[in-house]
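Comments concern the structure below.
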């Protein structure tokens, strides 16, 4: 397995391989941790990241995205998936679980590249909604 860009023997021996139970209810997280990590290649995750970066680049981020089935509509849950889950696991920077295993350096670089493309698209195009005024009760 590839360790490109990571130091060997970081003391990850006692860390769990995942922090999510093996349940398909977790959808994309289940896919990356329990299906793709088994072989060290991440085609479904890379495809989802490409879809997400393209959506943000060319269509912005619809504020009602996912409103039919999620409590938090919009792009924020997807952006958090990339910044709080995929990138830390792919780069080995997660403190709570082991880094994702990769079959080759190319697989590792490709996944990290797709995740960074999402972050770039968000920084360039995403309009952060204004903070609602806080109501004071005097």
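In this note's numbering, the protein residues as written are 44 to 181.
Glycine included, C-beta positions come from ideal geometry on N, C-alpha and C.
From a predicted model like this one, the values you see are computed outputs, not experimental measurements.
Taking a 10 Å sphere around the C-beta of residue 145, we find 16 or more other C-beta atoms and assign the residue as buried.
Within the same chain, and ignoring the five residues on either side of residue 89 in sequence, the residues whose Cβ sits closer than 7 Å to its Cβ are 153, 154 and 157. As for any beta strand (DSSP E) of minimum length 3 sitting wholly inside the region 58-144, there is none.
Counting the other Cβ atoms within 10 Å of the Cβ of residue 163 gives fewer than 16, which makes it exposed. If you look at residue 164, you'll find it in the alpha helix (DSSP H) that goes 148-168.
Under the 10 Å beta carbon count, residue 96 is surrounded by 16 or more other beta carbons and is classified as buried.
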